[in-house]
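One structure is given below, encoded as structure tokens.
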Amino acid sequence: MNGPIKKNHFIWLTLALIGLMFTSAFSNELSANLTIEIVEYISVALLFLSLLSLRGSPLWSRVFVVIIGVLLIVVILRDTMTVRYSEFAYLGLLLVFYISAAWTVGRQVLLTGEVDLNIVVGSVALYLLIGLTWSIFYIILLQFSPGALAGIGSGPWDDNMTLTTYFSFVTLTTLGYGDITPVSPIARTLVILEAITGMFYLAVIVASLVGAIKAKKYG
């Protein structure tokens with residue numbers, strides 16, 4: 180499987196990220212006692228698949244391995260840790276992974292000199308990583324300020340993951356709010372920054388891909 184993953188690494192990465200989103204959605208339909216464990220274990224497994232599909236320097240590969248390894252340790256030892264500390268540790272490491280992965284993918288997608296299907300799918304993977312990164316920011320914000328987002332309750336973070344992911348992509352794509360809205364000043368500031376990021380990303384990615392295609396055609 181290592182060969183196909185390396186050849187179409189962005190396709191596998193995109194599928195893994197979509198799998199993460201569906202895992203969070205499906206987990207809300209399961210027993211509350213099993214939800215956290217299922218989300219965390221499947222998330223670590225899908226993050227490992229993401230790791231296999233990422234092409235970075237040896238240093239970045241080691242960083243990703245360490246992050247996933249520590250995530251797995253946190254999941255295994257969560258019953259012996261204070262619940263709040265284990266949640267912050269898991270969310271913090273997940274945030275670091277998403278940011279690191281976005282940086283790695285962004286360099287390959289935006290700085291590539293050749294555009295093919297894999298690179299185009301990579302731009303989708305990068306967009307998903309940006310949205311998922313901001314969803315973690317909102318989850319962490321809700322841990323400190325439960326009323327920061329109107330329409331999302333103060334339940335466990337795994338129960339709110341689907342909602343914050345939905346809210347994040349609504350903000351990133353500037354669709355407009357309805358059932359969930361930012362209330363606190365910090366939430367509104369995060370929303371402004373994410374909306375700017377989404378608009379800026381679309382402009383940059385289109386210019387980058389079009390420029391690469393023209394360079395290949397006329398160069």
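Residue numbers (this note's numbering): 180 to 398. Using N, Cα and C, we set each Cβ at its ideal position, and we do this for glycine too. Just so you know, these numbers come straight off a predicted model, no measurement behind them.
| Asked | Found |
| --- | --- |
| Reduced DSSP secondary structure (H/G/I, E/B, other) of N181 | Residue placement at N181 is poorly supported in this model, since its pLDDT is 49, which falls under 50; the coordinates still yield a value, given next. The answer is helix: DSSP assigns N181 an H, G or I state. |
| Burial state of M180, where buried means 16 or more other Cβ atoms lie within 10 Å | In this prediction, M180 has a pLDDT of 44, which is less than 50 and means its spatial position is unreliable; nothing more can be read from the coordinates. |
| Among L289, I319 and L305, the one whose alpha carbon lies nearest that of L272 | I319 |
| CB contact flag (T350, A374, <7 Å) | yes |
| Nearest-angstrom beta carbon gap, V385 and L289 [assumed within contact, 8 Å] | Incorrect: roughly 11 Å between the Cβ atoms, too far for contact. |
| Residue span of the alpha helix (DSSP H) that contains Y345, given as start and end | W336 to L351 |
| P361, buried or exposed, once every other Cβ within 10 Å from all chains shown has been counted against 16 | buried |
| DSSP three-state assignment for L199, whether helix, strand or coil | helix |
| Pick from I365, T353 and I315 that is closest to L199, judged by C-alpha positions | I315 |
| Under 7 Å between C-beta atoms of L196 and L274 | no |
| DSSP three-state assignment for A374, whether helix, strand or coil | helix |
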